[in-house]
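Converting from the sequence shown to our numbering requires adding 17 to each position, the first position being numbered 1. Just so you know, even glycine gets a beta-carbon here, dropped at the ideal spot from N, CA and C.
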Amino acid sequence: MPLSEEELRALEQMERALVQEDPKLASTLRGTNLRRAAQRRAVLAGVCFVAGLAVLMGGAIGRITLVGVLGFVIMLASATVGLSAIRGPSTTHSPVTHGGHPQGSRLDRFGAPWRRRHDDQA
C-alpha cells in the first residue's frame with residue numbers, strides 16, 4: 018500500500034534529520050558499508066574454510082588426530098561466519114537494536130507510529 022503525501026513528507030523529514038544528526042549511522046542504515054563488510058567477511062570465511070579443509074586433510078594423511086580436529090573446528094567456525102554474512106546482519110550486529118543501544122531507542126521513537134499503523138492494518 019503506497020504512502021500518502023503527508024507520510025512521505027514526514028518520512029523524508031525524518032531521514033534528513035537522521036542524516037544531519039548522525040551521518041555515519043545513516044550511511045550504515047542505507048546498507049552500503051554493511052553490504053561491503055558482509056561480502057568481505059563471506060570471502061574471508063571461504064578462504065578460511067579451504068584452509069581448514071587443508072589442515073583437516075593434512076591431519077588425516079599424517080594420522081595426527083589433533084590436527085584433523087583443529088581443521089574441522091576451523092571449517093566449522095568459518096562456515097558459521099560465512100553463513101551469517103550471507104544471511105545478513107543479525108540483531109546483535111545491527112546498529113539498530115531493540116533496547117540497550119542509544120541509537121536504537123531514538124530510531125524506535127521515529128518508527129513507532131509506522132509500526133502501529135502497519136499493525137492496525139494487519
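Any idea what DSSP makes of residue i, helix, strand or coil?
i, result
"proline 40", "helix"
"glutamine 30", "helix"
"arginine 57", "helix"
"isoleucine 81", "coil"
"serine 101", "helix"
"serine 95", "helix"
"leucine 20", "coil"
Going by alpha carbons, who is nearest to residue i out of the options?
i, options, result
"phenylalanine 66", "Asp39, Met74, Ile78 and Ser95", "Ser95"
"arginine 104", "Ile78, Gln56, Leu70 and Ala68", "Gln56"
"glycine 85", "Arg47, Gly76, Asp39 and Lys41", "Gly76"
"arginine 102", "Glu24, Ser44, Glu32 and Ala54", "Per the sequence shown, residue 102 should be read as alanine rather than arginine. Measuring from the Cα of alanine 102, the nearest candidate turns out to be Ala54."
"valine 98", "Thr82, Gly63 and Leu70", "Gly63"
"leucine 93", "Gly79, Leu83 and Leu70", "Leu70"
Does the distance from the C-beta atom of residue i to that of residue j stay below 8 Å?
i, j, result
"valine 72", "leucine 61", "no"
"alanine 59", "isoleucine 91", "no"
"leucine 20", "leucine 28", "yes"
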